[in-house]
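Chains as they are written, first to last, in my numbering: chain Z, 2 to 293; chain L, -10 to 228. Below: one structure, written as structure tokens.
Spelled out as structure tokens, the structure:
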């Protein structure tokens, strides 16, 4: 073999094996930005543009209407009830699934995903059938002064069902990857089960937990389909923000509709900003708790 | 503390991990459980530590029945295969964990905990790493921190699961002597699991050769080498 065959004919710029040519790089970034602009930025701007079309004062006035106020209060209340509950259920489910072996585990993992695979409207109907006027349970509940369907408890139940998977789904893969060794180590060092959970398990999952809680919260505030079915849409009583938006919109109150949509979008912004801020603030710990 | 294993067996569902095995470990010995993977050596170690419970049989510590003792009551210093250091805690907090987990009555004071942790860091010859996190340590340092953490609870015995498995050859040799030294200074009955016959033979006072859930032979390294009892032992120690 001669030397000429080994030396490449033309010298090329050297770059690492995993990087792409500049043209491809910019093409991909451009494509990504274009999609984001069309699907994300433009609609967001449109929402705020529409809301502020008649000025700030008009937009804010639409929010101070009693029905709008009631809708905001109800949405916050529902989120305040469902998010802590589902955080607890999610941790419990993830803990049971990842730290213990038992029969029927695979089945339970599948069931956790059910709310994702069932249409929210079907979920809503399910609660209407169970607790509504055509079931004995529903009749009894109404007779005893505790109506579920077309009342706040139904909205809470439907939201609980829809947002159940978020925390558990975030935690399960992470806890599976972390294994049980640290918990076992803590046990051999004399810690009680509760202490192990508080000092080892919880600190190890806190970022995934936070993320799951934020997603859960976003969905709890934004859920439409299931809540629409169970709520009965009684103004000022069982109307959550997403339902209120639809009602305003159908009544051609577009400023009111888009202002409330803007408030929901802002809530999402706040949660995302909060998450990023926390990640930035605790970057060191974040690096330390990830696998080496 | 001497350990007496009487006819211990363990099934996982329908598969038997341990056939009834018996073993007597005199106080203060350094014992190697040697065998290929699937021989039940780790299961036996975990039964001693109280992390698994036997399907049948008894474990006696200093003559008294310890079979039903919970993992916390066993006070076994356990070093896990990949060390299982608490990754969100500093080395100092890792070592102090067992002391802080004690009930208030028997919990040492904060300065006393600091004194003991410092002493343990000196014992493992890493006096300056208390403030670091586990992911900032090398494999060998992690192993020694795990050892210090296990020793902090003043254990009645030391149990190590493949303590050198995750280390490269050079560090492995160094740390073998480290474990021997720590065993000799503490005088603790020590049981470690390994699949490396050279490691077992060089380090242990007593070698227990295991295959598929059975104990093939128990003896001093030189006796096993000179008089292997079964074909399995002969093949395994010459491999």
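Backbone N, C-alpha and C fix where the C-beta goes; we use that ideal spot for every residue, glycine too.
* Hey, would you say residue 200 (chain L) sits closer than 8 Å to residue 25 (chain L), going by beta carbons? -> Here residue 200 (chain L) refers to the residue found at position 211 when the second chain is read from its first residue. Here residue 25 (chain L) refers to the residue found at position 36 when the second chain is read from its first residue. Closer than 8 Å, so yes.
* Using the DSSP secondary-structure output, state which residues sit across from residue 150 (chain L) in a beta bridge. => Within the second chain, residue 150 (chain L) is the residue found at index 161, counting from 1. Residue 150 (chain L) pairs with L:182.
* **Per-residue DSSP class, three states only, for residue -8 (chain L)** => As a working note, residue -8 (chain L) is residue 3 in the second chain. Correct three-state label for residue -8 (chain L): strand.
* Asked: Is the shortest distance between the beta-carbon of residue 91 (chain L) and the beta-carbons of chain Z less than 8 Å?
  -> Working through the second chain from its first residue, we reach residue 91 (chain L) at position 102. Judged by the 8 Å Cβ criterion, residue 91 (chain L) is in contact with chain Z.
* Asked: Going by alpha carbons, who is nearest to residue 226 (chain Z) out of Z:241, Z:264 and Z:236?
  -> Locating residue 226 (chain Z) in the first chain gives position 225, counting from the first residue. Out of Z:241, Z:264 and Z:236, Z:241 has the C-alpha closest to the C-alpha of residue 226 (chain Z).
* Asked: Which same chain residues, not among the five before or five after residue 59 (chain L), have their C-beta less than 8 Å away from its C-beta?
  -> Position 70 of the second chain, counting from 1, holds the residue named residue 59 (chain L). So the qualifying residues of the chain are 39.
* Asked: In chain Z, what lies closer than 9 Å to residue 61 (chain L) by C-beta?
  -> Residue 61 (chain L) sits at position 72 when you count from the first residue of the second chain. Going along chain Z in sequence order, the residues near residue 61 (chain L) (Cβ under 9 Å) are 188, 189, 190, 191, 192 and 193.
* Asked: By how many angstroms is the C-alpha of residue 181 (chain Z) removed from the C-alpha of residue 54 (chain L)?
  -> Here residue 54 (chain L) refers to the residue found at position 65 when the second chain is read from its first residue. Here residue 181 (chain Z) refers to the residue found at position 180 when the first chain is read from its first residue. Roughly 28 Å separates the two Cα atoms.
* From the DSSP output, which residues share a beta bridge with residue 56 (chain L)? -> The residue given as residue 56 (chain L) occupies position 67 in the second chain. Paired residues: none, contrary to the question.
* **Nearest neighbour of residue 84 (chain L), chosen from L:65, L:92, L:105 and L:100 [CA to CA]** => The residue labelled residue 84 (chain L) in the question sits at position 95 within the second chain. Considering only alpha carbons, the answer is L:105.
* Should residue 164 (chain Z) be labelled buried (16 or more other beta-carbon atoms within 10 Å of its own) or exposed? -> The residue you call residue 164 (chain Z) lines up with position 163 of the first chain. Label assigned to residue 164 (chain Z): buried.
* Can you round the beta-carbon distance between residue 128 (chain Z) and residue 158 (chain Z) to whole angstroms, since I take them to be within the 8 Å contact cut? -> By 1-based counting over the first chain, the position of residue 128 (chain Z) is 127. By 1-based counting over the first chain, the position of residue 158 (chain Z) is 157. Going by Cβ atoms, the distance from residue 128 (chain Z) to residue 158 (chain Z) rounds to 6 Å, so yes, they are a contact pair.
* DSSP state of residue 239 (chain Z), grouped into three classes? -> Residue 239 (chain Z) sits at position 238 when you count from the first residue of the first chain. Looking at residue 239 (chain Z) - three-state DSSP - the assignment turns out to be coil, as it is neither helix nor strand.
* **Close beta carbons around residue -5 (chain L), own chain, < 8 Å, minus the five adjacent residues each side** => Mapped onto the second chain, residue -5 (chain L) falls at position 6. Taken in chain order, the residues that qualify are 11, 46, 47, 48 and 49.
* To do: Count the CB pairs spanning the region 116 to 136 of chain L and the region 174 to 193 of chain L that are closer than 8 Å, and state whether there are at least three.
  => no
* **8 Å Cβ cutoff, residue 57 (chain L) in contact with chain Z** => Counting from 1 along the second chain, the entry for residue 57 (chain L) is found at position 68. Residue 57 (chain L) does not count as touching chain Z.
* To do: Would you decide whether residue 188 (chain L) is buried or exposed? Buried here means 16 or more other CB atoms lie within 10 Å of its CB.
  => In the second chain, the residue the question calls residue 188 (chain L) occupies position 199. Per the 10 Å Cβ criterion, buried.
* Can you say whether residue 159 (chain L) is buried or exposed, counting buried as having 16 or more other CB atoms within 10 angstroms of its CB? => Here residue 159 (chain L) is taken as the residue at index 170 of the second chain, counted from 1. Burial call: exposed.
* Asked: Grouping DSSP H, G and I as helix and E and B as strand, with all else coil, what is residue 23 (chain L)?
  -> Counting from 1 along the second chain, the entry for residue 23 (chain L) is found at position 34. Looking at residue 23 (chain L) - three-state DSSP - the assignment turns out to be strand.
* Determine the direct distance from the alpha carbon of residue 196 (chain Z) to that of residue 155 (chain Z), and round the result to whole angstroms. => Taking the first residue of the first chain as position 1, residue 155 (chain Z) is located at position 154. Taking the first residue of the first chain as position 1, residue 196 (chain Z) is located at position 195. About 36 Å.
* Is the distance from the Cβ of residue 86 (chain L) to the Cβ of residue 69 (chain L) below 8 Å? -> Taking the second chain and counting its residues from 1, the one referred to as residue 86 (chain L) is at position 97. Taking the second chain and counting its residues from 1, the one referred to as residue 69 (chain L) is at position 80. Cβ atoms of residue 86 (chain L) and residue 69 (chain L): not closer than 8 Å.
* **Whether residue 186 (chain L) touches residue 23 (chain L) by CB criterion (8 Å)** => Numbered from 1 along the second chain, position 197 holds the residue referred to as residue 186 (chain L). Numbered from 1 along the second chain, position 34 holds the residue referred to as residue 23 (chain L). Yes, the Cβ-Cβ distance between residue 186 (chain L) and residue 23 (chain L) is below 8 Å.
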